[in-house]
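Taking the working numbering, the leading residue of the sequence shown gets 1353, the next gets one more, and so forth.
Backbone N, C-alpha and C fix where the C-beta goes; we use that ideal spot for every residue, glycine too.
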Amino acid sequence: MLLEREKELAVLDEAMAHARSGTGALVLVEGGAGTGTTALLNQLADRATAAGDLVLRSTGTSGERAVSFGVLRHLVLPLVAGRDLPAAPPAAPPPVAAGPGPSGPGVESGAAVRADTLHWVHLLFAGLSAERTVVLTVDDLGWVDDASLEALAHLAARLDGLRLLLAVVRKDGPGARSPLVGEIAAAATHRVRARGLSRRATAELVARHFGPGCPDEFARTCHDVTGGRPKDLRTLCGRARLRRLGAPHWDTPRLRALGESLRRERLRSLLRREPVLDSFLKAVAVLPDHVGDDLVARLAGLSPVQCEQAREALAHAWPRSDDEGEAAHARAARAVVLQAMGDEESSRRHREASAVLDACGAGPEEVALPLLHVDRLDDLWEIHQLRAAAAAARRRGAPGAAVRYLSRALAEVSAAGHVRAELLYELGVTELDLGSPVAGRCFVQAARLMPRLRRRAEVVSSTPMDIVRSDPEVAALVRETAARFGTPRETDRQGGYLAMRLEARARYAGLEDPGLVASAARRLHELGARHHGASSAERELRTVLVFTAAMGGQTDHGTVAGTARQLLEEEPAHTALSGLVLELLPPVLSSADSPHLAASWLDAAHLHTAQEGNRAMLSRIEAMRSLTQAARGEAGLARECGGRALALGEGTPAGDRVHAAVPLGFVALELGDGELAGQLLDLAEPPTDLRLFTLHGALNGMLAEARGDLPVALAHYLDCGRVLERAGWVNPAFAHWQVRAALVQHRMGRSAQALAVARSHHERAVRWGAPTALSRALRLLGVVTDGAPGVALLRQAVDTVETQGSRLELAHALTELGRRLQRESVPEGDRILRRGRRMAAELLNAPAATGHGATTRPARALAAGLTPAETRVAERAARGLSNREIAMDLETSLRAVERHLTNSYRKFSIAGREQLAGAMGMDGTL
């Protein structure tokens, strides 16, 4: 019993009635594959047989399409064999009744013979229908040969007056577009279309196979994976029963998997029957997505018309499921085709696809994609295509794809040789784009395989500084290559360039090497004065050298600041995304009391990086801005920048957060900010990097000191000192451990030890010469020195930083001096202490200038780089106050006022006081 076919069967019954009445009828049964067209045709034949009609059936196959009159023979030969011919048969049986042979239509194809055959067929069935109703069924027209189609069309046009029913199936697909099929369909008197079953009918059919109690989900899954096509449903239910997927477990997931398997099996069967579709889909499977039909046709050896027919055949014979999109349907078909091909055929076809794409001018990645699926690479051309594809993938910002291409190429090349070396180098560069830790290993392997020393030097000298610093194996390779490369001749400009890059990396990797630290100042002197247009390699080397020389503290701060300023002037701000300048130069300028020289460069770098949207780099820039603000004594601004740096760093890789932690650690120590110190210590465990290790120790010491645990604090400080001393990092600007250790020892009553540490620190500060570091050293020495000598040292500390250096250090020096004078009952102690505390509060609590007579800092003063102290003096001078009046109002010295005005004139590029109001953007009458 057919489900949901009542209307269709009624049409078939009506057609039978018309045929029996002598008017003839032609029934056209249409539908997609598996929808039950054959079942309807069989039902018609069974009903006709039961009614005593003569039923002749023919079922076409793909192999018979080339046999002339093959389908017609199926209809006629049973009559001849059974001698069931009409009482008055046609006189001369044509070749169609004789079977294939030398005299058959396979050889004789003349028009006269064909016409006689068509006439004989008409007479034959006319005679038969005179005796009883004749039913002819043909399934389906798409498999019928042209000669039989012509005979059926001839008969269809002459049904009137015959008791003859011609029932044919026309499946959806390209076969339905044949002109003869169209002629037969146009003569149809009755039409029915077979469609998939509804969910209700599907559930009923499933219940017939599995019995009552079938869950709705199980039946719904059967419908989903088959689309309700009866043939597919019967096959699915039959195999599901064999696998015991029904009661009592009702295994729906396995049922769905079985349905997908049967669907793939149907496509494989279709490919075996349809050679054109097979060629088409194999070409589509090995070509990249979205290629044009012209390329598919060229690779498959088909015409555009055949490609279109194949595409239509796939859509009808292997339709999409209800929840499957077009792209998913195409991927599923491709997977089936690729599984059906053997490894050898798959490799051959993928290789052919790559060649066709290359010949048609496709892009490198399109050409290389098929090569990822071959079993082996046969020649260097294929290796070259994969390398070109990797370069193209990197250009479009897809390093992951580039790694795939290069890894595939590496799998085939020999273990030694320059080709493998170049591939490893390119893979290292690509892995670096991904931030992968294997990049360093790739560089090392590539360099060791390079047959020529110069090429090896080129590879090693291009290794990023981060890898050189973090990977000991890479650092060893850099030192080894630099030693072997040596010093090129003066005429060898390229060799000199490589030598400088190698030296820069070797020195950067050896920042903790006391020998390299001690030689940095001398090497910087050997390079001579800076000149405009120096190579990037020279700038890179000078950057490392100036940082190392600053850490060693053997050169005066003015020389170091001047070199750093020149380097910064020639370095575009956008190089902050990749260069050493951001990491090394702002700390150098901050330690040399020249943070304003880095401020504008950092602002430009921040603007560029914000446009790029790089949060990790923005965090690093904000951390450096915090460091420069702290060096100027602007504690409020420093804290704001530090908070932004930490917020931007959230969610970024740990390596990126480390870069921001270094300057922020110095800020926490400079400001004595316990909250910031705690946040930094929570980020990661103390690493092996010298700067981070010592900063973690110093921050832990500061927190222990705040808790009152002086022995633990002192132990942390001294540990930091031992590590830094061993590395040769003795610059007093970064020796917070020394200052804090001396103060803790003083509090613990170890006066002699505290005095020895303070004197050592002072000697180094004198050698360095920066006002802030020198003032801090004098203040420390004054604190641990009793009596009048201590007071004199504190006064000297105030004088040193009164006109230049950190305003916060001046506040600390004033506060210490005021306290000492108060203890010794000196009258001016109260005034000095008030001034120091007011200045400290102003700097610590608000980024904008506050206090007596102060206003918000003008935008022009900020743009020109004026410090808060310079801004306060310039504002009063612009209002017409004299230098003495300004000194009294701000409670500072006359010499400090003069110094601040001189700096303001220089920064505004003006001649004197009369131009100051205009430069500040202020009304001079106020």
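Residue 2248 versus residue 1963 - alpha carbon distance: Within the sequence shown, the letter at position 896 stands for residue 2248. Within the sequence shown, the letter at position 611 stands for residue 1963. Those two C-alpha atoms are separated by around 41 Å.
Following the continuous beta strand (DSSP E) through residue 1383, name the residue where it begins and the one where it ends. In the sequence shown, counting from the first residue as 1, residue 1383 sits at position 31. Counting along the chain, the beta strand (DSSP E) containing residue 1383 begins and ends at 1377-1383.
Near residue 1356, which residues of its chain fall below 7 Å by C-beta distance, leaving aside the five closest residues on each side in sequence? Position 4 of the sequence shown, counting from 1, holds the residue named residue 1356. 1549, 1550, 1553, listed in sequence order.
Looking at residue 1722 and residue 1705, is the spacing between their C-beta atoms short of 8 Å? Sequence index remark: in the sequence shown, residue 1705 carries index 353 (1-based). Sequence index remark: in the sequence shown, residue 1722 carries index 370 (1-based). Yes; because the gap between Cβ atoms is below 8 Å, this pair is in contact.
For residue 1473, does the count of other Cβ atoms within 10 angstroms reach 16, so buried, or fall short, so exposed? The residue labelled residue 1473 in the question sits at position 121 within the sequence shown. Residue 1473 should be labelled buried.
Distance CB(residue 2133)-CB(residue 2111) smaller than 8 Å: For the purposes of this step, residue 2133 is taken as residue 781 along the sequence shown, with counting starting at 1. For the purposes of this step, residue 2111 is taken as residue 759 along the sequence shown, with counting starting at 1. Yes, these two residues count as a Cβ contact at 8 Å.
Contained beta strand (DSSP E) runs [length at least 3] in the region 1535-1583, N- to C-terminal order: 1542-1546
In three-state terms, what does DSSP make of residue 1630? On the sequence shown, residue 1630 is found 278 positions in, with the first residue counted as 1. It is helical.
Could you check whether residue 1522 and residue 1505 sit closer than 8 Å to each other, using their CB atoms as the reference points? Here residue 1505 corresponds to residue number 153 of the sequence shown, with the count starting at 1. Here residue 1522 corresponds to residue number 170 of the sequence shown, with the count starting at 1. Their beta carbons are not under 8 Å apart, which means residue 1505 does not touch residue 1522 by this criterion.
Quick one, which of 1385, 1378, 1412, 1384 has its alpha-carbon nearest residue 1396's? Within the sequence shown, the letter at position 44 stands for residue 1396. Comparing Cα-Cα distances from residue 1396 to each of 1385, 1378, 1412, 1384, the minimum goes to 1378.
Between 1845, 1520, 2181, which lies nearest to residue 1508 when the distance is taken from Cα to Cα? Taking the first residue of the sequence shown as position 1, residue 1508 is located at position 156. Minimum Cα distance to residue 1508 is reached at 1520.
Between which residues of its own chain and residue 1854 is the CB-CB distance below 8 Å, once the five residues before and five after are set aside? Taking the first residue of the sequence shown as position 1, residue 1854 is located at position 502. These residues qualify, in order along the chain: 1809, 1812, 1813, 1830, 1833, 1834, 1837.
From 2142, 2149, 2196, 2043, pick the residue whose C-alpha is nearest to that of residue 2175; which is it? Start at 1 with the first residue of the sequence shown, and residue 2175 comes out as number 823. Minimum Cα distance to residue 2175 is reached at 2142.
Simplified DSSP assignment, three categories, for residue 1520: Mapped onto the sequence shown, residue 1520 falls at position 168. Residue state, collapsed to three classes: strand.
Stretch pair the region 2052-2070 + the region 1839-1852: three plus CB contacts closer than 8 Å: no
Buried versus exposed call for residue 1766 [16 or more other C-beta atoms within 10 Å across all chains shown]: Against the sequence shown, residue 1766 aligns to sequence position 414. So residue 1766 counts as exposed.
Please state whether the Cβ-Cβ distance between residue 1988 and residue 2197 is less than 8 Å. Taking the sequence shown and counting its residues from 1, the one referred to as residue 1988 is at position 636. Taking the sequence shown and counting its residues from 1, the one referred to as residue 2197 is at position 845. Yes. Within cutoff.
Using the C-alpha atoms, what's the distance from residue 2169 back to residue 1991? To locate residue 1991, count along the sequence shown from 1; it is residue 639. To locate residue 2169, count along the sequence shown from 1; it is residue 817. Taking the straight line joining both Cα atoms gives about 26 Å.
Among residues of its own chain, excluding the 5 on either side of residue 2070, which ones have a beta-carbon nearer than 7 Å to its beta-carbon? As a first step, residue 2070 must be located in the sequence shown, where it is residue number 718. The answer, listed in chain order, is 2093.
Keeping to the same chain, check which residues put their C-beta closer than 7 Å to that of residue 1940; ignore five residues upstream and five downstream. Counting from one through the sequence shown, the residue named residue 1940 turns up at place 588. Here the set comprises 1898, 1899, 1902, 1912, 1916.
Just reading off the beta strand (DSSP E) that residue 1410 is part of, what are its end residues? Translated into the one-based positions of the sequence shown, residue 1410 becomes position 58. Segment 1406-1411, the beta strand (DSSP E) holding residue 1410.
Give the secondary structure of residue 1452 by DSSP, where H, G and I count as helix, E and B as strand, and everything else as coil. Position 100 of the sequence shown, counted from the first residue, corresponds to residue 1452. Because the pLDDT at residue 1452 is just 45, under 50, the model does not fix this residue reliably, and the value given afterwards should be weighed accordingly. Note: residue 1452 maps to coil in three-state DSSP.
Can you name the start and end residues of the beta strand (DSSP E) that residue 1489 belongs to? Position 137 of the sequence shown, counted from the first residue, corresponds to residue 1489. Element bounds for residue 1489: 1486-1491.
So what does DSSP say about residue 1712, is it helix, strand or coil? Against the sequence shown, residue 1712 aligns to sequence position 360. It is coil, neither helix nor strand.
Taking DSSP as the reference, what is the three-state secondary structure of residue 1843? Looking up residue 1843 in the sequence shown gives position 491. Here residue 1843 sits in coil by DSSP.
Please report the straight-line C-alpha distance between residue 1467 and residue 1513, rounded to a whole angstrom. By 1-based counting over the sequence shown, the position of residue 1467 is 115. By 1-based counting over the sequence shown, the position of residue 1513 is 161. C-alpha separation (whole angstroms): 22 Å.
Cα-Cα separation between residue 1784 and residue 1819, rounded to whole angstroms: As a working mapping, residue 1784 is identified with position 432 in the sequence shown. As a working mapping, residue 1819 is identified with position 467 in the sequence shown. Rounded to whole angstroms, residue 1784 to residue 1819 spans 9 Å at the Cα level.
8 Å Cβ cutoff met for residue 2000 and residue 2088: By 1-based counting over the sequence shown, the position of residue 2000 is 648. By 1-based counting over the sequence shown, the position of residue 2088 is 736. No. Outside cutoff.
Does the Cβ-Cβ distance between residue 1626 and residue 1665 come in under 8 Å? Position 274 of the sequence shown holds residue 1626. Position 313 of the sequence shown holds residue 1665. Yes; because the gap between Cβ atoms is below 8 Å, this pair is in contact.
Test item: CB-CB of residue 1570 and residue 1541 under 8 Å: Translated into the one-based positions of the sequence shown, residue 1570 becomes position 218. Translated into the one-based positions of the sequence shown, residue 1541 becomes position 189. It is not a contact, given that the beta carbons lie outside the stated cut-off.
Should residue 1408 and residue 1427 be called a contact, given that it needs their Cβ atoms to be closer than 8 Å? On the sequence shown, residue 1408 is found 56 positions in, with the first residue counted as 1. On the sequence shown, residue 1427 is found 75 positions in, with the first residue counted as 1. Yes, the pair counts as a contact, with Cβ atoms nearer than the cut-off.
If you draw a straight line from the C-alpha of residue 1975 to the C-alpha of residue 1933, how long is it? In the sequence shown, counting from the first residue as 1, residue 1975 sits at position 623. In the sequence shown, counting from the first residue as 1, residue 1933 sits at position 581. The straight-line gap from Cα to Cα measures roughly 14 Å.
Note the first and the last residue of the continuous alpha helix (DSSP H) segment covering residue 2270. As a first step, residue 2270 is located in the sequence shown; it is residue number 918 there, counting from the start. Unbroken alpha helix (DSSP H) run through residue 2270: 2268-2272.
Backbone CA spacing between residue 1672 and residue 1609 [nearest angstrom]: Here residue 1672 refers to the residue found at position 320 of the sequence shown. Here residue 1609 refers to the residue found at position 257 of the sequence shown. Answer to the nearest angstrom: the Cα atoms are 16 Å apart.
DSSP on residue 1909, reduced to helix/strand/coil? The residue given as residue 1909 occupies position 557 in the sequence shown. Helix, per DSSP.
Return yes when the Cβ of residue 2166 is within less than 8 Å of the Cβ of residue 2191, no when it is not. Residue numbering aside, residue 2191 sits at position 839 when the sequence shown is read from its first letter. Residue numbering aside, residue 2166 sits at position 814 when the sequence shown is read from its first letter. Going by C-beta atoms, residue 2191 is nearer than 8 Å to residue 2166.
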